[in-house]
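Accompanying notes for the structure given below.
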Amino acid sequence: MRRTGIFMAIVLSLAVLWATGVQAQEEGGYADVILSKRGNPVTLSTKILRDRIEMFVLNNYKENHDKIEVECRNIPADILVRGSDWDVKVNPEYSPIKNGSNLLNVTVYSLDGVYKEFSTVVRVRPFDDVIVARRMLDRHQKITEDDIGSQRVETTKFNRHFFRRDDAIIGYRTKQIIQKGKVIFASMVELPPVIKRGDVVKIEIILKNVEVTALGQALEDGRLGDTINVKNISSGKRLQARVVDEKTVKVLL
């Protein structure tokens, strides 16, 4: 009888433990079950979560910038985990990681199950040393070294090409007025024409492997490779020709 009583007590204790575990899972307390199995709970701080998320973002961000800042929002308060039994998995809702806001799905888990799942909005802010105007630049002004400088600015919302080196823009001319301190975008400048309207040029025409030349007058400005209208001075005929250099155009046949 005594042995039977001890056996019944053990069975009753196991049944209570099983029922407690089922109730914890039904109430969303699976993390508590993990901790009860593994023991030694520790607090996973918000800072640790933020660092892991930022590391994922930086490792998966493909663009090249002088500086990148990552801002995380909606990170939950401290999460209880077992000290040596946890990891963090991050999945972007939309790939790839881009400038501006990104929605990430984050799972804190162990070998036995999930501690916490949540979503966070991460903002990626790139900064670059870009070329800006040191003074107001007039339209069609040729850019010199004294006209420009470098300044670090946030380029998150830039959807136009900008310059990072001053030697990439010196010698260009402006297509519009550029105010002092403004970033100079590629759409604001152009290579200066090597032939200007009214210039006397040599017109080259190749007919059946024979090159014929004539004097002409440019009817518009042209850069290297541009197609411009020219006039044959002797015949007065208008032709279209490609700019070869500052004195020569080649008729397109």
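Just so you know, we're using this note's numbering here: the sequence shown kicks off at 1234 and counts up by one.
Even glycine gets a Cβ: it sits at the ideal position worked out from N, Cα and C.
Since the structure is predicted, the reported quantities are computational estimates derived from the model, not experimental observations.
- In the DSSP annotation of this structure, R1372 is not part of any alpha helix (DSSP H), being labelled neither H nor E.
- When beta bridges are read from the DSSP output, N1392 appears opposite no residue.
- Counting along the chain, the unbroken beta strand (DSSP E) around R1385 starts and ends at I1381 to E1387.
- By the beta-carbon neighbour count (other beta carbons within 10 angstroms, threshold 16), N1292 is exposed.
- Apart from the 5 residues on each side of it in sequence, R1368 sits with its Cβ closer than 6 Å to the Cβ of K1413 in its chain, given in chain order.
- Exposed is the label assigned to R1430, since fewer than 16 other Cβ atoms lie within 10 Å of its Cβ.
- Distances from the CA of D1432 to each of K1295, V1323 and D1454 were compared; the closest alpha carbon is that of D1454.
- According to the DSSP assignment, V1290 belongs to no beta strand (DSSP E) but to the alpha helix (DSSP H) extending over T1279 to N1293.
- For F1351, the enclosing beta strand (DSSP E) covers residues V1347 to A1366.
- Secondary structure at D1400: helix, using DSSP grouped into helix, strand and coil.
- Per DSSP, N1442 lies in no beta strand (DSSP E) and is assigned neither H nor E.
- Scanning the segment 1314-1350 from its first residue to its last, the whole beta strand (DSSP E) runs of 3-plus residues come out as 1320-1325 and 1333-1342.
- Secondary structure note for K1480: it is in no beta strand (DSSP E), with a DSSP letter that is neither H nor E.
- With respect to E1378, I1403 sits close: the two C-beta atoms are nearer than 9 Å.
- Annotated as proximal: V1341 and L1282, with beta-carbon spacing under 9 Å.
- For K1435, the beta-bridge partners assigned by DSSP are L1448 and T1481.
- Around the beta carbon of R1315, a 10 Å sphere encloses 16 or more other beta carbons of the protein chains shown; the residue is thus reported as buried.
- Distance from A1401 to I1381 at the Cβ level is roughly 10 Å; contact not present, criterion being Cβ atoms closer than 8 Å.
- Within its own chain, the residues whose Cβ lies closer than 6 Å to the Cβ of I1330, once the five positions on either side in sequence are excluded, are V1290, N1293 and Y1294, listed in chain order.
- A straight-line Cα-Cα distance of about 49 Å links T1353 and P1425.
- Fewer than three pairs of CB atoms, one per stretch, sit closer than 8 Å, so the segment 1434-1452 makes no contact with the segment 1388-1402.
- Non-local C-beta neighbours of V1463 in its own chain, meaning closer than 7 Å and more than five positions away in sequence, comprise V1434, I1436, G1449, Q1450, A1451, L1452, L1472, A1474 and V1482, ordered along the chain.
- When the alpha-carbon of Q1384 is set against those of Q1374, F1396, K1375 and N1392, the nearest one is in F1396.
- Relative to V1363, the option among K1349, D1311, D1284 and R1398 whose CA is nearest is R1398.
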